[in-house]
Structures are given as structure tokens and as C-alpha cells.
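Engineer: Next up is a structure, given as C-alpha cells.
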Amino acid sequence: MATRRDFLKGCLAGGAAAAAAVVPEAACARDTLERPAEALGLLYDATLCVGCQACVAACKRANHNPAEFTTVDHLWDAPLDTSGHTFNLIKMYRHGTMETKDAEENGFAFMKTSCMHCADPSCVSACPVSAMRKDPETGIVGYDPDACIGCRYCVAACPFGIPKYQYDSPTGQIGKCELCRHRHQDGHYSACAEVCPTGATLFGRTDDLLAEAKRRLALKPGEWTTMPRGRLPAKNEKPEDAAKWKGIVDQSYQAQVGNYQQHVYGETEYGGTQVLKLSAVNFQKAGLPDLPPKSSAATSETIQHTLYGGLMMPIAVLAGLTWVAKRNVVPEDDDKKGGQP
Amino acid sequence: MNEQNLLALEDDARIVAAADRLAMSRREFLQFCTALAATLGLPQGAEAAVAEAVAAKKRPSVIWLHFQECTGCTESMLRAEHPTLEKLILDVISLDYHETLFAAAGHQVEAARKTAMAENKGQYILVVEGAIPTKDGGVYCKIGGKTAIELVKECAADAAAVIAIGSCASWGGMPSTIPSIPGATSSPTGSSGVSQVLGKPVVTIPGCPPNPYNFLSTVVHFLTFGSLPAVDSQGRPKFAYSRLIHENCERRAHFDAGRFAMQFGDDGHRKGYCLYKLGCKGPETYANCSVILFGDAGAGTWPVACGHPCIGCTEQGVGFQKPIHSLAKLKNIEPSSFLPRIVEEKGVGASLGAAAVLAAVAGAAAGAGAMVAKNLGLSHQAEEMEKAKRDGSKANESAEV
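First to last, the protein sequences are chains A and B.
Note that my numbering numbers the first sequence so that position 130 is 130, with each residue one more than the last.
Note that my numbering numbers the second sequence so that position 5 is 346, with each residue one more than the last.
Quick look at the structure:
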């Protein structure tokens, strides 16, 4: 049949066009993004944490979030997980008799749960509009409620389960830690780091924080060392840079080095995160997923951009559908000629 | 005796006599006994026993030794007001030897000690204030030609009870601090606590100075029940030293809310915020300062209330050892139950009833599905038969035609 021949010809032509479009395929493959040079972040050292939850309370105050009651008396803000109204939470690893702090067996350990501010955030990648954005300078993953369409793709995309939707409101928004960027212009850094009594949560440039974390890992457990509190000043910080931030610069004190897992969580995970973590308990047991150095955003965007590069996949799918449709069409032309088939 | 009603005792002749002796009104005397019973954490009814014991029993003889110390423990005792010290030492106990309070001196005093020990053999209470130097045979502290070691051993031999008052007597306290000289392994005089020298556990009332009521309550417990109160592993009476200062601190709410004084005199400090960041040792120090406050100076006068962090004076290894403004290590007896688990289970799982309903629905659906499938086959068969019938009749019709 001539029609079939024409169709096949068309398919070939379409395929060639698609193949031509695939030539710049290499350009579609996307590498895992890296942290900006001046990335800001936090260092959370679980061995220093005393579980006082001052950071949880301070976070609520700084972000004007209401208390979340989970006990029958409705007396205490006791959220069970991060939510649209709880951006920061201290969770606790519990095992057996819970006798010793930072022991995996019969012990307990604390873990901060808040946005990790990934170098290559899945939430930003998944956002179909520009509501989730990573600041090119500070690297803070920020949220713009005016741009948000409420699809909650970011909620599903995050490997740490951080962006949360305010389901209790008809005009709900996404709630997540933004490193208190709304307070930066007044010279206030992250409220959690500002109040932390032991320096378990430390604010600073991620590069400096990473160096500090590695310094701690190199020390012997039990050894006394100087631990900074509040904001970690950069190595050779200029006075004008220091003046940007309020509060006492040197709050350091003497503390004992923890029995760390020899890994800085967030150094390489998904291309690195701007919030880094140290722990004496296995990170997976403390609720942090084991993530490869390649980000899922890079993988998914490579697949998608390759498939959609030059509209290759839509053309191929259209061609396939057309062929199927064509095959299934009953040639009714014969009826006009009359007579049974 | 324990069941006795305090009010019934009010007209008791012995109580009247005791109240007169203490120059208190009867009511005041009974209030004093009740306060002591409460400090001890004794059950209701015990205040009557305390009142009876204080009123009726022979005043216990107390021998009070001073070694390496600043007399701060005695000074704080002097400032107790329920009762005042002169009432305590003249009327509640019989203080037979006390170097600070004695008017006499020299051989006279030594003779008084010997007499008291002989007269009350096996009956007297020995109170030791101050650390005992042990280096070089203990030559660094001598009284009446005898070293502190000899004295404490001599006096403890026939004592009914030994009480170490103050941190120095408890474990060595401030004099036992090892100087930061390279190679130093002990204090210059080898200061030790009473139990180390005697080689047996004694009741300790640590503090610098200790709260006089903790001492007084211990003495009255002995007087009332003939035994010393229950103590912890370091010899500290549990009624006073079983809770962390942090647990009952009036500034605790500020700790929980993350409101800290950052510097002396800053805004937070003036507002009475938590002193943890200034080095408060409350979270690692066992004592009842935050409960009964200190001495009789009234509320707002114990160290934390007046704005200075706790230095941990009742805690060996904390007081006089850790720098005053270095951060405390929290001794959590138990972490907060409010902290969520890493993975917090939500909901309560399926109940038996819910599971049964679900199973019934699933069963019904499966049955219905099976029936529908069966009927589908049937209807198809019926259709076929109908068609065959029609075709048959058509064929017949055409044949007829």
C-alpha cells in the first residue's frame, strides 16, 4: 500500500531529524552542581548538643511560627517532625536502656533536622516555577510564596524530607529553613546558631565550617579543645566583614572532643550540602540517608533534558502513536465500491 | 511516736521546757521542728518525732575539728536563724569542742575535748571542717602538737557518727586543687578528705560553704532516729543532694527557651536569663540550693539568683577544678521525653476491628469479582446461543422461502 510506504518514509525522516537533534546530547547531560564560593551554612556537632531545644524555640520565634501541640495537655510546643510550621527540630536516636549519650548500644544521641541547603538541591530542580531558588551568592535555598503554585513537587523531591506544606491552611505555603536570610540584613545570623549554648550549631561560611569539622575529626576523642560558639569567623576575616554580623565574635570555650564517626556528613552527599553534620552515632541510624556524590537532580535533569532535547522524545512518541493509529484504522474506502469483502 | 499529732504536743511539758530553753514561743519551736522535718523530706507525723527528740533527748555531744579551711562553714552556721547558732550549740546540741567558738585556749581546751570524748564515749558526733594534709606525715597542720591525721583518727575512734562538713573535709575541696605547675600530681600539702584518711565512708555535707540546714537536718535526723540519713555514693545525704541544681532552678525556663545571658551586665543578664553560657555548673552539680536557697538571707540571694553562675562547690571534680566560667557538662539523668524519635511513628496502626472490616470488604469484592467473571462467561454463552438460534431460524425461514 502506498499509504503505508509513505508513512514509513515519514517515520524515517522524523527519526533522522530526531537523530540530528540528539547530536548536541552531551550538552544536555548535567554535572552535579557545586556550592558557591561564599556559601553560608551551619555545622551541627551532635556530640556537643545537649538536647535543650533552645534552637527549636529560637527558630519558631525568628520565623513567627506557632507552637505545635502533640501532647494531650496542649502545654508544650512538641512537634514530632518538621512541618509547615516547624523548620528546625532536634530529634533523638534511642537504643535500649538509653544510658550513655552518643552510644549506639544502650545509648541516645541528638540529631538536628532542618534544611541542608544542598549544593544541587532536588527541590529547586523539581520546582516547575521559580518558587524554590538557590541564591547564587550565599547558596541559601529560598522559597518565594508569591511564585509558588502549590504543587508540592519539592516536598516529594527532597531526600531529607524538609520542605513541608501547610496542610492546615486553605492558602498554605511551603515551610522550610532559609538560614534566617530575612534577618541577615539586620546583622542577625541563623537564630539556632545564635542561641545554641554549646556551639553544637555553628553558623559560618561552609568552607570554614568544613575546615573546622575536619579539625575536630583529626583530634583524639576526649581531648580538650577550643570550640567556637555562635558564628565561626572566617580564617582571616576582615573587620568590615565581621562588622556585618551582630553579637559577640569570640564565644569559644573549652570542651572535650567527641568520639566521632570519621565522616563529615554533607561534605560529598549529593555534591555536598551547606549544612554539615558530625555525629558519634552512625549517620543512617541518626536518620540521614546514605547519598552518593552525584545528585539526583543531575541524574533526573540529564535524563529529562536528553529525552526532550530537540523534542526528540515527543516526536518519537508522536510517530509511534501515529503508526499505531494508522494501523488500527479500518479502510472503509472499500465499502464505497460496494459488495461484501 | 511517729503517729503523734504535733498539736497534741503543744501543751506537753517537755515541749514547753524545750521552748523555754530555746527562748522561743512553743509555736516557734514546733515550726522549727517542722521545718527540719521538711528539709529532711520526712513524712507527715515526723515533725512530732523531731520535736519530741529535740525536747526530750539528752543533747548530743559534738566535737568540731578544724583543719585546712577558711572557717566559712562555721561562719555560715553562725548565720543560721532557725534557730540561731547560740541556741543550736547551747541547747539543741552540746558543742563541747570548737576552736572558733571556744573562749578558752591552750591546754584548757584540749582537756575539754578529752573530757567530752571520755564522758560520751561511743555517743558523740564528730564534725570535721577542713581538709587534712597528708604529705610529709601531715606536718602542715598541727593542733596542740598533734597532726590533723592523728587528731581525726583519735576523735573518730569512739565517735557515734562522723560528719565531714564542707567541701574541704568531704574530698579535699579547694586545698586539694592541683596547681598548674608542670609535673604536679597532687596539691602541695596532699590535702585529703576525712573518709580518705579514716579509710571508711563518712557522711559528707559538701558546699563552700554548705547550707547550714543540710548539716542541722543531718544532726537532728541522728538525734531523732539514732541513725544517719540515707546517703549517695559520695556520702552526701540524699534528702539534700539527690537532685541537680539545674532541675529546680528558677532560671530553668530561660534555659529551655534558649534565653541566655551572654556577658555580665548585658541585656539578658539584667533580665535574669539563664547563666549557662557564663559557665553555670548547675547542670552538673547535685545540691538543693535551688530548692531551699541559701542560708536565711531570703529569696534572690543564692548565687544563681543574684546573677552569678553556680561554681559547682558541692561536686567533686567540678568545684575548684573546672574554671568558673567554663561550660558545664550536662548530667542528664534522662533526656527529655519531648524529643521526637528519628523516625516518629504516626497513627496507631490497624485495630482488629478495622482489619476485620477491611478483610470482609476485600472478601466481598473478590467474591463479587468472581461472580461477575462467571456471569460474563454465562452471558457470552447465552448470546452465542441466542445468535445460533437466530441464525437457525433465519436459515429455516430462508429454506421455507
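The beta-carbon is built from N, C-alpha and C at its ideal position, and this holds for glycine as well.
Report the residue ranges of all beta strand (DSSP E) runs contained in full by the region 502–586 of chain B; include only those spanning at least 3 residues, in chain order.
Structural biologist: Counting only runs of 3 or more, we get 502–506, 544–546.
Engineer: Classify alanine 218 of chain A as buried or exposed, calling it buried when 16 or more other Cβ atoms lie within 10 Å of its own Cβ.
Structural biologist: That one is exposed.
Engineer: Between the region 283–300 of chain A and the region 223–235 of chain A, are three or more C-beta pairs nearer than 8 Å?
Structural biologist: No: the two stretches stay apart, fewer than three of their Cβ pairs being nearer than 8 Å.
Engineer: What do you get for glutamate 460 of chain B, buried or exposed, if any count of 16 or more other CB atoms within 10 angstroms of its CB means buried?
Structural biologist: Exposed, by the Cβ-count rule.
Engineer: Using the Cα positions of lysine 285 of chain A and aspartate 31 of chain A, report the straight-line distance between them to the nearest angstrom.
Structural biologist: Cα-Cα distance, rounded: 30 Å.
Engineer: Quick check: what's the CA-CA separation for aspartate 6 of chain A versus methionine 313 of chain A?
Structural biologist: If I take the Cα positions, the gap works out to 21 Å.
Engineer: List the DSSP bridge partners of serine 83 of chain A.
Structural biologist: In the DSSP output, where bridge partners are listed per residue, serine 83 of chain A has A:Thr86.
Engineer: For phenylalanine 580 of chain B and proline 401 of chain B, I'd like the C-alpha separation in whole angstroms.
Structural biologist: When rounded, the distance between both Cα atoms is 22 Å.
Engineer: Just curious, the beta strand (DSSP E) that leucine 318 of chain A is in, first and last residue?
Structural biologist: Here leucine 318 of chain A belongs to no beta strand (DSSP E); instead the alpha helix (DSSP H) covers 312–328.
Engineer: Can you name the residues that DSSP bridges to leucine 680 of chain B?
Structural biologist: Partner(s): none; leucine 680 of chain B has no beta bridge.
Engineer: Let me know the secondary structure DSSP gives serine 190 of chain A once reduced to three states.
Structural biologist: Residue state, collapsed to three classes: coil.
Engineer: My guess is that alanine 489 of chain B and serine 517 of chain B are in contact by the Cβ rule of under 8 Å, so how many angstroms apart are they, rounded?
Structural biologist: Contact doesn't hold; Cβ gap of about 13 Å is too wide.
Engineer: Could I get the ranges of all uninterrupted alpha helix (DSSP H) runs contained in the region 379–424 of chain B, with 4 residues as the minimum, in chain order?
Structural biologist: Complete alpha helix (DSSP H) runs here, min 4: 387–397, 413–419.
Engineer: Should methionine 92 of chain A and leucine 680 of chain B be called a contact, given that it needs their Cβ atoms to be closer than 8 Å?
Structural biologist: Cβ distance < 8 Å, so methionine 92 of chain A and leucine 680 of chain B count as in contact.
Engineer: If we count the other Cβ atoms within 10 Å of its Cβ and call it buried at 16 or more, is tyrosine 308 of chain A buried or exposed?
Structural biologist: Answer is exposed; the Cβ neighbour count stays below 16.
Engineer: Distance, Cα to Cα, proline 392 of chain A vs glycine 175 of chain A?
Structural biologist: A question about residue 392 of chain A goes unanswered here, because the residues of chain A that appear run from 1 up to 341.
Engineer: Tell me, please, whether the CB atom of methionine 603 of chain B is closer than 8 Å to any CB atom in chain A?
Structural biologist: At least one chain A Cβ lies under 8 Å of methionine 603 of chain B.
Engineer: Just checking: is the beta-carbon of lysine 618 of chain B within a distance shorter than 8 Å of some beta-carbon in chain A?
Structural biologist: Yes, its Cβ sits closer than 8 Å to a Cβ of chain A.
Engineer: Taking Cβ-Cβ distances shorter than 7 Å, what residues in chain A pair up with serine 667 of chain B?
Structural biologist: Within 7 Å Cβ-Cβ: Tyr253, Gln254.
Engineer: Does the Cβ-Cβ distance between lysine 462 of chain B and aspartate 437 of chain B come in under 8 Å?
Structural biologist: No, the Cβ-Cβ distance between lysine 462 of chain B and aspartate 437 of chain B is not below 8 Å.
Engineer: Quick one: does proline 163 of chain A have its CB under 8 Å from some CB of chain B?
Structural biologist: So no, proline 163 of chain A is outside the interface.
Engineer: With DSSP run on the structure shown, which of helix, strand or coil describes glutamate 267 of chain A?
Structural biologist: Three-state DSSP puts glutamate 267 of chain A in coil, outside helix and strand.
Engineer: Leaving out the 5 sequence neighbours to the left and right, which residues in its chain are closer than 6 Å to alanine 354 of chain B when beta-carbon positions are compared?
Structural biologist: None.
Engineer: Comparing alpha-carbon positions, which option in B:Glu440, B:Ala358, B:Ala628 lies nearest threonine 545 of chain B?
Structural biologist: Comparing Cα-Cα distances from threonine 545 of chain B to each of B:Glu440, B:Ala358, B:Ala628, the minimum goes to B:Ala628.
Engineer: Could you tell me the boundaries of the alpha helix (DSSP H) in which lysine 494 of chain B lies?
Structural biologist: Counting along the chain, the alpha helix (DSSP H) containing lysine 494 of chain B begins and ends at 489–498.
Engineer: Name the one or two DSSP bridge partners that cysteine 204 of chain A has.
Structural biologist: In the sequence on display, residue 204 of chain A carries glycine and not cysteine. Glycine 204 of chain A pairs with A:Gly41.
Engineer: Reducing DSSP to helix, strand and coil, say where cysteine 630 of chain B ends up.
Structural biologist: Cysteine 630 of chain B: helix per DSSP, three-state reduction.
Engineer: Is there a C-beta anywhere in chain A that falls below 8 Å from the one on proline 681 of chain B?
Structural biologist: Yes, its Cβ sits closer than 8 Å to a Cβ of chain A.
Engineer: Counting only Cβ pairs nearer than 7 Å, list the residues of chain A close to alanine 295 of chain B.
Structural biologist: In the structure as shown, chain B begins at 342 and stops at 742. Residue 295 of chain B is therefore absent and cannot be evaluated.
Engineer: Taking a cut of 9 Å between CB atoms, which residues from the region 316–327 of chain A lie near chain B?
Structural biologist: For the region 316–327 of chain A, which is checked against every Cβ of chain B, not one residue is closer than 9 Å.
Engineer: Run through DSSP, which three-state label would glutamate 237 of chain A get?
Structural biologist: Of the three classes helix, strand and coil, the one that applies to glutamate 237 of chain A here is coil, per DSSP.
Engineer: For tryptophan 224 of chain A, collect the residues of the same chain with a Cβ closer than 8 Å to its Cβ; drop the 5 residues on either side in sequence, then sort them by chain order.
Structural biologist: Around tryptophan 224 of chain A: Gln254, Ala255, Gln256, Val257.
Engineer: Applying the 10 Å Cβ sphere with the 16-neighbour rule, what's the burial state of asparagine 555 of chain B?
Structural biologist: Buried is the call here.
Engineer: Please state whether DSSP places serine 435 of chain B in a helix, a strand or coil.
Structural biologist: Note: serine 435 of chain B maps to strand in three-state DSSP.
Engineer: Step through the CB atoms of chain B and report whether any lies within less than 8 Å of the CB of methionine 111 of chain A.
Structural biologist: Methionine 111 of chain A counts as touching chain B.
Engineer: DSSP on alanine 472 of chain B, reduced to helix/strand/coil?
Structural biologist: Reduced to three states, the DSSP call for alanine 472 of chain B is strand.
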